[in-house]
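Quick mapping for you: the protein sequence lines, in order, are chains X and B. The first sequence begins at 1 in the working numbering and counts up by one. The second sequence begins at 1001 in the working numbering and counts up by one. From the three backbone atoms N, C-alpha and C, an ideal C-beta is built for every residue, glycine too. Report on the following structure.
Protein chains: 2
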Amino acid sequence: MLPYKTLIRIDKSSRQAVYLQIACQFISLIRDGLIQPGTYLPGSRVLAELLALHRKTVIAAYDELQAQDWITAIPRKGMMVSLNLPEIKPRSYNNAHHAYAEGPAFPIYEAPSLLLKRNLPTAKLVLNDGFPDARLAPLDDWARECRSIIQRPAYHKYLAFGPAEGNMYLRNQMLKYLADTRGLNIREENVMITRGAQMSIYLAASMVVQKNDNIIVGSPNYFYADLAFEQLGANIIRVPVDDEGIDTDTVEQLCRTKKIKMLYIISHHHHPTTVTLSAERRMKLLEIIRKYKLAVIEDDYDFDFHYSAAPIVPLASADHGGNVIYVGSFTKSLGLSLRIGFMIAPEKFIQKAAALRRLIDIGGDNLVEEALAGMLENGSINRHLKKANKLYWERRDLAGELLIRHLPDAASFRLPQGGMAIWLQFAKHLKIPAIADKAGTFGLSMSYGYHYAYKSKPLNGLRFGFASLNNKELVSVVNILAKAVKP
Amino acid sequence: MLPYKTLIRIDKSSRQAVYLQIACQFISLIRDGLIQPGTYLPGSRVLAELLALHRKTVIAAYDELQAQDWITAIPRKGMMVSLNLPEIKPRSYNNAHHAYAEGPAFPIYEAPSLLLKRNLPTAKLVLNDGFPDARLAPLDDWARECRSIIQRPAYHKYLAFGPAEGNMYLRNQMLKYLADTRGLNIREENVMITRGAQMSIYLAASMVVQKNDNIIVGSPNYFYADLAFEQLGANIIRVPVDDEGIDTDTVEQLCRTKKIKMLYIISHHHHPTTVTLSAERRMKLLEIIRKYKLAVIEDDYDFDFHYSAAPIVPLASADHGGNVIYVGSFTKSLGLSLRIGFMIAPEKFIQKAAALRRLIDIGGDNLVEEALAGMLENGSINRHLKKANKLYWERRDLAGELLIRHLPDAASFRLPQGGMAIWLQFAKHLKIPAIADKAGTFGLSMSYGYHYAYKSKPLNGLRFGFASLNNKELVSVVNILAKAVKP
């Protein structure tokens, strides 16, 4: 209910009768759009009590409003603001004239952004960019954990508000998880839980990069990371990514000749090209990091998903003097619906990043984080990863076979060692936007591929997200693609 | 399991026997801290398959490691890295020497921050700053909603990934909620769901304020808002807050004489003083906003909690040409464990704020937001607010009586019209840090009160958060305070 007690003001010294004062004020509230057509007014007894008036006065006011057609009595429901108001154009009740229909009058900052032209996502089939299959996500386990947490007697005391660095139980569980999978041996103080890997990238870069600082990224590069670095005013230097990952010779040459503030690297399944950094380049990079005391953001969003080949251990697990800020995510296990990522860094760095994070969103959802910690401890995440890896591996292989069979000349690719997408490069004469438009008419939504080339030269490539498609869907998608590439 | 396939490299051309190569590489992994004492190595069959070797070779390697005391055979469990390693100081297995124990070597940015000196939060009783009672939060309803959402067949398709502006169902439910409670009539395009009110403040200010822009805030002001504005490099002008709210004459005078970019205002229960903006000042402010086309962030975090007096409708509900960016939160209904807030603004503003938000954390938790939308639609939030308001009202009154009875000379206050805290000002000769230290010895954790005066003159005041304390706890807290203020 609206706060009628403050909205309706009675002036007892006025010569206008009180019931008319009430009626007039209701009319102006309706005219101003504060009370919308179809709204029920409070019962006369309730309003009389709120305004400390006799009920008869309120009834008289409502009679007046009804006589003027502003309100209508609806049997057994009460007084409703009329759907057809007596004035054709009350000032702002019309949606087109509400307080936010225009404006603001002041200039608005434009953050770097990219518009993703897409077909309507209402199509039956969607080819995404490398998302997990939400049907597999262990969200039942998660909901069960949540339920059990809120039933703990001490819940309200210890879990209502969490630290900016993240839930302590989750940070503790991360130690075992990172040691077991990545040989990364750290303490709780080195872990910060964030809203997905993106917030880790944003925070980490904010702690290192100032306006006009030189930073190195791959070419092409993950576009959301690029956007964050642009936002910080970084001077972005792009170094080619080939079949072995980023070109470390060029990186070293740049470090020799310029002040380089930071390097952003995706060690496994580079986005968009899915290339994994070779062991040799990895060693070379570690040398460069140590020699030039280079700050590095290592984005290892996809480490948990490996098929035919084992991952290399991250740069972060080697000896780098705390210069590699390691970024990862659980988002791909939780089906994208829950965005939890993490950042690993020296304690001093985490503390300062937490200070920045407090200004942005205070902290995470303690309940959601506690539930994930439980899933790490009870093995639910581990079981999910085993199951998902097996299935995604099969899907990768099937996708590869189907693409070779049905698009032999249209597109080329190399099967990635892991991850959720195949980097599909189309033959020069085939343009992805035209293919996407045609695929749309066959019931497949796919992107135009522009965003992969954000600030790089056009790539005519597409990440074929196989992981979220079951075998039947894979067959349908490739069949549609095959039809769409035909002249 | 660690990726042994890439960690152990066999050189068949080497003159060293393969089993010795394996043993040496394990030793160096243990020395480097990648494999910790207490870790179980993979079974010989598994490792042999991974490395494509005969199992006997692996067994020979394990025998060698065991002979050198690097690993220990644990019956029925397998080969464990020894807890007492043969070398006293392997390079970095010791936690004190892991890769993140020191560093980084590069300078780290310092965000504006405030250190809150507190007693240990392990005390039996905690006096907070105005938090809700998490025991009342309708989290059971929320968990039930989550469960039902993830069981929908179309869940994976429509809910796995959400837009940066927030879940569409929630934005739609917000329309009814805001119209019913605040007379705020808007469209979905005007709503953005954020991670609590703080993210709305951070985003909104980022869209308006650039380095060295003049902005007006109250004195004192909510410290987390101050921190966000400082971070953006704003030139913060502080205007006194008295019993009727911010001094609008001074605001107008400033607008006449300087270029003022933005005003930040808390209309209900100002933080920390709990003052509510008077109806007259509200009208005056609306005049100023229209006349000077002033950008305003209206932080109305506490609108839903009102007791003896009705709230005024927000500035946002009046005619302001889209210049008032309205910020609110559901955090106080959800017991602080789930951080969902919102921002209401013109569509153009929301779109640009969404572009910025994508760089920060891509978007919200679609599942969590969908569940809240269900709770708005099925009345769960409404029922919770009714119950909580009734209870918090009783607690406010009891807290007031207890404070008058037990601290008659030590502290003064005015009962707030709503919200979750009483602004308690201590007599000059009583210093809050000393009181807090003494209270700590009686088992009560409370703050030193420094943060309320962030960048203002010392206040010697404390927000007495009554809402989260039941009657028995209120009695205990006031009794301890009474003992703590005695000389």
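Taking a contact as a CB-CB distance under 8 angstroms, the pair B:Leu1398 and B:Asn1471 counts as one, their CB atoms being some 6 angstroms apart. Cβ proximity to chain B below 9 angstroms picks out Pro3, Tyr4, Lys5, Thr6, Leu7 and Arg9 from the segment 3 to 28 of chain X. Contact with chain X is absent for B:Ala1123, since none of that chain's Cβ atoms lies less than 8 angstroms from the residue's Cβ. Taking 8 angstroms as the cut-off between beta carbons, the residues of the segment 208 to 220 of chain X near chain B are Val208 and Gln210, in sequence order. Within the same chain, Cβ atoms closer than 8 angstroms to the Cβ of X:Ile362 are found at Ala164, the five residues on either side in sequence being excluded.
B:Thr1441 counts as exposed, since fewer than 16 other C-beta atoms from the protein chains shown sit within 10 angstroms of its C-beta. By the Cβ-count criterion, B:Gly1379 is exposed, with fewer than 16 other Cβ atoms from all chains shown falling within 10 Å of its own Cβ. With respect to the 8 angstroms criterion, X:Ser317 and X:Arg182 are classified as neighbours on the basis of their beta carbons.
Under the three-state reduction of DSSP output, B:Gly1183 falls in the coil class, being neither helix nor strand. Look at X:Phe161: its C-beta is under 8 angstroms from a C-beta on chain B.
Residue range Leu1139 to Ile1150 is occupied by the alpha helix (DSSP H) that includes B:Leu1139. Residues of the same chain with a CB within less than 6 angstroms of the CB of X:Gly130, apart from the 5 flanking positions on each side, are Met420, Ala421, Arg463 and Gly465 in chain order.
Contact annotation for B:Ala1318 against chain X: Asp32, Leu34 and Ala99 [CB-CB distance below 9 angstroms, chain order].
Proximity of X:Met199 to chain B, defined by a Cβ-Cβ separation below 8 angstroms, is satisfied.
Taking a beta-carbon distance threshold of 8 angstroms, B:Ile1150 counts as an interface residue toward chain X.
Burial state of X:Met446 is buried, judged by a 10 Å Cβ sphere holding 16 or more other Cβ atoms. Three or more beta-carbon pairs separated by less than 8 angstroms are not found between the segment 365 to 374 of chain X and the segment 423 to 443 of chain X, which leaves the two stretches without contact.
B:Gly1321 places its beta carbon 8 angstroms or farther from that of X:Ala373. Taking a 10 Å sphere around the C-beta of B:Gln1151, we find fewer than 16 other C-beta atoms and assign the residue as exposed.
The C-beta distance from B:Gly1103 to X:Pro314 rounds to 16 angstroms, too long to meet the 8 angstroms contact threshold. Counting C-beta pairs closer than 8 angstroms gives fewer than three between the segment 63 to 82 of chain X and the segment 1142 to 1150 of chain B, which falls short of the contact rule. With fewer than 16 neighbouring CB atoms inside 10 Å of its own CB, B:Gln1210 falls in the exposed class. Going by C-alpha positions, X:Arg396 is about 25 angstroms away from X:Ile340. The beta carbon of B:Asp1302 sits closer than 6 angstroms to the beta carbons of His1268, His1269 and Gly1419 from its chain, once the five residues preceding and following it are set aside; these are given in chain order. If you draw a straight line from the Cα of B:Asn1084 to the Cα of X:Ile193, it comes to about 33 angstroms. Proximity of the segment 1224 to 1236 of chain B to the segment 1199 to 1216 of chain B meets the contact definition, three or more beta-carbon pairs being nearer than 8 angstroms. Judged by DSSP secondary structure, X:Ala73 falls within the beta strand (DSSP E) whose first and last residues are Ile71 to Ile74.
Spatial neighbours of B:Ala1134 in its own chain (CB-CB distance under 6 angstroms, excluding positions within 5 residues in sequence) are listed in chain order as Gly1335. Setting aside the 5 residues that flank it on each side, X:Arg45 is surrounded in the same chain by Arg55, each with a C-beta closer than 7 angstroms to its C-beta; the list follows chain order. Taking X:Ala354 as the centre and dropping the five residues before and after it, the same chain places the C-beta of Pro163, Ala164, Glu165 and Met192 closer than 8 angstroms to its C-beta, in chain order. For B:Leu1277, there are no C-beta contacts with chain X under 9 angstroms, since the nearest C-beta of that chain is about 11 angstroms from it.
For the pair X:Arg15 and X:Asp69, the Cα-to-Cα distance works out to about 25 angstroms. Assignment of beta strand (DSSP E) within the segment 194 to 271 of chain X, counting only whole runs of 3 or more residues, yields 214 to 219, 235 to 242 and 260 to 265 in chain order. Taking C-beta separations shorter than 7 angstroms and ignoring five residues to either side along the sequence, the partners of B:Leu1203 in its chain run Thr1194, Met1343, Ala1353, Leu1356 and Arg1357, following chain order. For B:Met1375, the number of other beta carbons within 10 angstroms of its own is at least 16, and it is reported as buried. Residue-level contact by beta carbon holds for B:Ala1134 and chain X, with a gap shorter than 8 angstroms.
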